[in-house]
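**Q** Line order of the protein sequences matches chains A and B.
Per our numbering, the first sequence starts with residue 1, numbered consecutively.
Per our numbering, the second sequence starts with residue 1001, numbered consecutively.
Note that beta-carbon positions come from the ideal geometry of N, C-alpha and C, so glycine has one too.
There are 2 protein chains.
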Amino acid sequence: MKGKAKKSAVFASMGRTEERQEKNINSNKRRYYGSRKGRGYSSKISQKNYRREESVSLPPIGDNLRIIPLGGVEEVGRNLTVIEYKNDIIIVDAGLQFTDEDTPGIDYIIPNIKYLIENKNRIRGIFITHGHLDHIGAIPYIIDQLGNPPIYTRQFGALMIKKRQEEFPHLPELNIKVLDGNEKILIGQNLKVETFPISHTIPDSMGIIIETPFGKIVFIEDVRVDNANGVPTEEEVEQYKRFQKEEILLLTMDSTSIEKPGFSIAESTVVKNIEKIIKEVPGRLIIGTFASQVERIISIIDLADKYGKKVVIEGRSMKSNLEIIKQLDLLKSKNIISTSELNNYPPQKIMMIATGAQGEEYAALMRIANKTHKEIALNKTDTVLLSSSIIPGNEYSITKLKDNLYRSEAKVITYLDSDVHASGHGNRGELEWIHKQINYKFFMPVHGHHYMLRQHSEMSQSTGTPSENIAVPDNGSVVEIYEDGKKIRILKEKVPSSMMMVDGFSIGDVQEVVIRDRKMLAEDGMFVIIASINTKTGKLKKSPDIISRGFVYLRESQDLLQQTRLIIKKNIEETAAGMNPINFDFVKSNVAESVSKFLFQKTAKHPIVIPVILGI
Amino acid sequence: MKGKAKKSAVFASMGRTEERQEKNINSNKRRYYGSRKGRGYSSKISQKNYRREESVSLPPIGDNLRIIPLGGVEEVGRNLTVIEYKNDIIIVDAGLQFTDEDTPGIDYIIPNIKYLIENKNRIRGIFITHGHLDHIGAIPYIIDQLGNPPIYTRQFGALMIKKRQEEFPHLPELNIKVLDGNEKILIGQNLKVETFPISHTIPDSMGIIIETPFGKIVFIEDVRVDNANGVPTEEEVEQYKRFQKEEILLLTMDSTSIEKPGFSIAESTVVKNIEKIIKEVPGRLIIGTFASQVERIISIIDLADKYGKKVVIEGRSMKSNLEIIKQLDLLKSKNIISTSELNNYPPQKIMMIATGAQGEEYAALMRIANKTHKEIALNKTDTVLLSSSIIPGNEYSITKLKDNLYRSEAKVITYLDSDVHASGHGNRGELEWIHKQINYKFFMPVHGHHYMLRQHSEMSQSTGTPSENIAVPDNGSVVEIYEDGKKIRILKEKVPSSMMMVDGFSIGDVQEVVIRDRKMLAEDGMFVIIASINTKTGKLKKSPDIISRGFVYLRESQDLLQQTRLIIKKNIEETAAGMNPINFDFVKSNVAESVSKFLFQKTAKHPIVIPVILGI
């Protein structure tokens, strides 16, 4: 999305998950927490605020099949889709979304589950396609309100979910059913669920097939296609072979990287390039990447073994994922050492894998770069490899990181210099190849902003799908397959879809007014007036007090404050003159308006003006 | 910087100038101003705050030559470089920088000119290379403090400067000297200045040659190289021919797009592709681009003439630039019509050129897209062409724009679909080509973040410059050419370089504390406690008042507020008990700490807590 072929990184990867979590937790919260045993801050959730809307009222479902995306179709993140048939509800994924400039102070945004709460007795299970936060991150915030239904997923995802759940010790134990990928699970009377392996960047990623009386629904969430120069590998061909035999009722699929043309670089090429760098560096090699790039991290550690190097893992989320990797025996390496052992080996025997390639303020690589890391200082024989791309919104922090790295003497290599990163989301070519492997009737694009879904829809049409067989949903849209599976439509009724925000311990969709205030405070600050008024005479007891933050530099603004005090006094006394009793609300709104106007005239700023008038 | 070959748009263009100005003025300010005759808001500057640092103290300059970049070498924007020899100072460019997430509420950042103010009697003139805001935008904020020195520039830049100056009617008239490009200007006793044409995106862009007793300094600010598939045009070759004859003392040059490999797309290719689209669209064509892309706008209007179409210009900055274009007779078109005439022509005879391709909230294209434009509504025969790339930091607003456009029925074409945009900043290949045209001794990269300057330095070394002949400066660095021009060094002393922020009518480098508060307010809001205490008894008169914004949703937090009131009362009364007189500062800090702690325990948020204690 940046520049011409910038296509290859628009929403560069699921990497946004882990890494951004790191960013959120570290930069916003750690200053308060210090080292609370390395835990996230969300150890309790005290408050849940929902808008007092009326109940959801949809036409009766009858014999139809409904698919309701509650998140992930107007944004990248907070993926959650509901499948509903008769009395049974299945949920696919329960992710969170990272916040942006539009939601200051907010930790995460999660799907609005009001509809599910009202129908919780019909929820039969949650299927999790893989262990990234945009697919599992909402679980702790919603699971108890859904009645703690079973969570079906494979081993790696299960461990990721459990790991995260440890940060919420007050919650009841999860009911996780670990799948081996071969089972067919009967859900209620009418639905059967199977899974199949797909390629992403984390072990045990899977697609989901839901067998309904109308036919099969295939969910392909985050996916890429392993390939050599645009030719899918045999393994990929094998993975999709099962779909040659049958017509699928509905395909639904990731749209994140639809804007990027062709096939992305093969992960094998990325690993080969990293191997070349490992062989050639004159000293230590520090690799910054996403903790969520689990498969690449495994490859890199394997390479360290091959070249007889020791590996230091730096960063909380990286270490935490490494534990899971070890627990599942995905790694045999005995070459992982702790940071304190660094100096026991010559530099050319040392590699590090560190979080922070997006410039997250307190992540390992940033601390190394800005010289605040206690144990690691860069020198001129070091090489820093950023094995990641830029996630939109992170340009600013990555620029800081690169500036800091360049101010050290280390050599810096980025994906601009060499193919050392590939995204976990397939480019348009890969998505199109998958479309061609599956003989489907209906199509529903998911995972992405509206325009991405529309582009995905256009691509599906270009492969022969009639436009009336495609549903491009919004969050809360009710997609209905009706007439015994012959037709698809989007109902005009929607289920609630307003943003649920996680804001400290509070979760709800009522934060909008708070957010609006935060934005105003960030732009122009605030200005509190405190005046004590003699209720008999209507005169001020003394010159009013003023408290202001984020508005102007007060020490240099004494004249302005003095003039404002005079205006306050004059305004209040004139308004109150002759009032008996004094109408405080009127006095307040009057003085607020007049001060606001005056301050704007003088400063071109519009602080939030709050008058406090005390009657004495 | 995004994805793999994203190279072609990192800091996509000078387009950031005009367009972002639009964004700033519109989204932040227009809500207050309404339609104040279309003017910007900065009609007066009432306050100038500088830190009370000691005077700048540098070693005497002696017979040396100094070059001091005051801005533009640690960022993209606020370009200003000082050249100093004996008693004479020349300034090259005086630009502003657009703000980012790190400076909420700030309008612009300008170079710190404290050093110039202290030496203003030695300033002989300001040379402006071209009329973009990152090169002219600081003029109104600094010119009177510099003693209103002459401004030398060519016609187009002169008109851009004058146009902008109209927004500051309180300032004395500028002393602008319009150059025709053929003169050699004697500055003081020892310096001579010549200019030469270079390629950018706005008419009359020029390079500057300053002849000093040690040799010539060549300034190549924003520049690209017109080319056909990587082969520079004859005109380009011609422009740089003059440098074949002589050795240049110092070359200094734009580094903005150093990360992008090769040559950028030729502007002629861009125009050719746009022509193809103009020919093929079935109905109206709406082209969104940067107002600063003046040359492209002229080409597009010429194409409209060629194909017998009428052109509507939408957007304030676009219209304003069009006036200058007309004034200079750069355009003969009689086909420009007003928006109100739109319906007098069939759709296929209509083209529009609009601001807002970066998703600026109130710019023309965004209003068209989100259906708030009064006169223009999109329909299915319309085509919207975004002839621009994404400027880092604008991903979010561009996503909104694209979502809105895709929700209309219009067809959307972006630079991802076709080569319909090229940046005004040459890629690495172009910069390297220029290096090879000029036989220089010393090199100083400018215009970009530190890492870009470092990459530019590496490139210069790769063309044969010894590293000791290269100076990579920071803002405020004093680069000195000494020993009769034989050597170059950066002094250890720096001149002041802290950020000067334009914040409403206030300008200064003292805003840091204000900014810090704004950031805290944006994250966690504020919490003001008002308590009246009986100075005799130390008891509160009544339950304390609480004012809070941007913290939690108060209506749903009554319990929390009630508990907090009790804590306030208890804390204040316990602290004050037995005090005579009451130490208000102590009581305040005590209650603030205790409330802050309590609120954090309950909410995981850290609002700014401000206690007001009134003694009664």
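Are the segment 272-292 of chain A and the segment 303-321 of chain A touching, with three or more C-beta to C-beta distances below 8 Å?
**A** Verdict: yes, contact present.
**Q** Please determine, among L1385(B), D1484(B), V1193(B), A1266(B), the residue with the shortest C-alpha to C-alpha distance to I1278(B).
**A** The option with the nearest alpha carbon to I1278(B) is L1385(B).
**Q** Along chain B, which residues have their Cβ under 9 Å away from the Cβ of S506(A)?
**A** What S506(A) touches in chain B: V1552, Y1553, E1556, S1557, T1603, A1604, K1605.
**Q** Would DSSP call D1093(B) helix, strand or coil?
**A** DSSP places D1093(B) in coil when its eight states are reduced to three.
**Q** Do you know how far the Cα of L1116(B) is from the Cα of R1122(B)?
**A** Between R1122(B) and L1116(B), the C-alpha separation is close to 9 Å.
**Q** For S1042(B) and E1166(B), I'd like the C-alpha separation in whole angstroms.
**A** Residue placement at S1042(B) is flagged as unreliable, the pLDDT there being 45, under the threshold of 50; a coordinate-derived value is accordingly withheld.
**Q** Of all the beta strand (DSSP E) runs that stay within the bounds of the segment 1114-1149 of chain B, which reach a length of 3 or more residues?
**A** Counting whole runs of 3 or more residues, the segment 1114-1149 of chain B contains the beta strand (DSSP E) stretches 1123-1127.
**Q** Can you name the residues of chain B whose CB is closer than 7 Å to the CB of D403(A)?
**A** By Cβ distance, chain B contributes H1449, H1450, Y1451.
**Q** Which same chain residues end up closer than 7 Å to R1518(B) when comparing Cβ atoms and leaving out the 5 residues on each side of it in sequence?
**A** Cβ within range, chain order: P1104, G1105.
**Q** Would M526(A) count as contacting chain B if we go by Cβ distances under 8 Å?
**A** So, interface residue.
**Q** By the DSSP assignment, the alpha helix (DSSP H) with L1070(B) in it spans what residues?
**A** Looking at the DSSP string, L1070(B) is not in any alpha helix (DSSP H); the run it does join, the beta strand (DSSP E), is 1065-1071.
**Q** Mind checking whether P69(A) and S477(A) have CB atoms under 8 Å apart?
**A** Closer than 8 Å, so yes.
**Q** Start and end of the alpha helix (DSSP H) containing V1530(B)?
**A** Just to set this straight, residue 1530(B) is Ile in the shown sequence, not Val. Looking at the DSSP string, I1530(B) is not in any alpha helix (DSSP H); the run it does join, the beta strand (DSSP E), is 1526-1533.
**Q** With a cut-off of 8 Å on the beta carbons, I'd call L1614(B) and L614(A) a contact; round off their distance for me.
**A** Indeed, because the Cβ distance is near 7 Å, the residues count as touching under 8 Å.
**Q** So what does S1199(B) bridge to, in DSSP terms?
**A** DSSP lists R1224(B) as partners of S1199(B).
**Q** Restricting to runs no shorter than 4 residues, where is the alpha helix (DSSP H) found entirely within the segment 325-379 of chain A?
**A** Within the segment 325-379 of chain A, the complete alpha helix (DSSP H) runs of at least 4 residues are 364-369.
**Q** Taking the C-alpha atoms as reference points, what is the distance between S548(A) and L521(A)?
**A** Each residue's Cα considered, the two are about 11 Å apart.
**Q** Based on the DSSP output, what are the partners of I1248(B) in its beta bridges?
**A** In DSSP, I1248(B) forms a bridge with Y1440(B).
**Q** Three or more C-beta pairs closer than 8 Å, one from the segment 1438-1454 of chain B and one from the segment 486-502 of chain A: is that the case here?
**A** Contact fails: fewer than three Cβ-Cβ distances are below 8 Å.
**Q** Examine chain B for any beta-carbon lying closer than 8 Å to the beta-carbon of G393(A), and answer yes or no.
**A** Judged by the 8 Å Cβ criterion, G393(A) is in contact with chain B.
**Q** Specify, as a first and last residue, the run of the alpha helix (DSSP H) that E574(A) falls within.
**A** Segment 558-576, the alpha helix (DSSP H) holding E574(A).
**Q** Can you grab the Cα-Cα spacing for the pair L1080(B) / G1072(B), in whole Å?
**A** Distance between the alpha carbons of L1080(B) and G1072(B) is about 7 Å.
**Q** Between which two residues does the beta strand (DSSP E) harbouring Y152(A) extend?
**A** From DSSP, the beta strand (DSSP E) with Y152(A) extends over 151-154.
**Q** Is there at least one Cβ from chain B nearer than 8 Å to I610(A)'s Cβ?
**A** So yes, I610(A) belongs to the interface.
**Q** Distance, Cα to Cα, K1309(B) vs G508(A)?
**A** If you take the alpha carbons of K1309(B) and G508(A), they lie about 52 Å apart.
**Q** For a test of the three-state rule: what should DSSP assign to F505(A), helix, strand or coil?
**A** Coil, per DSSP.
**Q** Any idea what DSSP makes of I265(A), helix, strand or coil?
**A** I265(A): coil per DSSP, three-state reduction.
**Q** CB-CB under 7 Å to D1100(B), same chain, minus the five flanking residues each way: which ones, in chain order?
**A** Excluding positions up to five away in sequence, the list reads G1393.
**Q** Do you know how far the Cα of I515(A) is from the Cα of T1399(B)?
**A** Cα to Cα, T1399(B) sits roughly 20 Å from I515(A).
**Q** Looking at chain A, which residues of the segment 1105-1132 of chain B have a Cβ within less than 8 Å of any of its Cβ atoms?
**A** Taking 8 Å as the Cβ-Cβ cut-off against chain A, the residues of the segment 1105-1132 of chain B that qualify are G1105.
**Q** Do V92(A) and F219(A) have their C-beta atoms closer together than 8 Å?
**A** Result yes, Cβ atoms of V92(A) and F219(A) sit closer than 8 Å.
**Q** With three or more beta-carbon pairs closer than 8 Å as the criterion, would you say the segment 1194-1211 of chain B touches the segment 1150-1161 of chain B?
**A** Enough Cβ pairs lie closer than 8 Å, so yes.
**Q** Can you give me, in chain order, the residues of the segment 304-331 of chain A that have a beta carbon less than 9 Å from any beta carbon in chain B?
**A** Residues passing the 9 Å Cβ filter: none.
**Q** Using the Cβ count rule (16 or more neighbours within 10 Å means buried), how would you classify E1259(B)?
**A** Buried, since its Cβ has 16 or more Cβ neighbours within 10 Å.
**Q** Using a Cβ-Cβ cutoff of less than 6 Å, which residues in the same chain neighbour H701(A) once the five nearest sequence positions on both sides are dropped?
**A** In the structure as shown, chain A starts at 1 and stops at 616, and residue 701(A) therefore has no counterpart that could be examined.
**Q** What number of angstroms, rounded off, separates the C-alpha of N404(A) from the C-alpha of L365(A)?
**A** Computed Cα separation, rounded: 10 Å.
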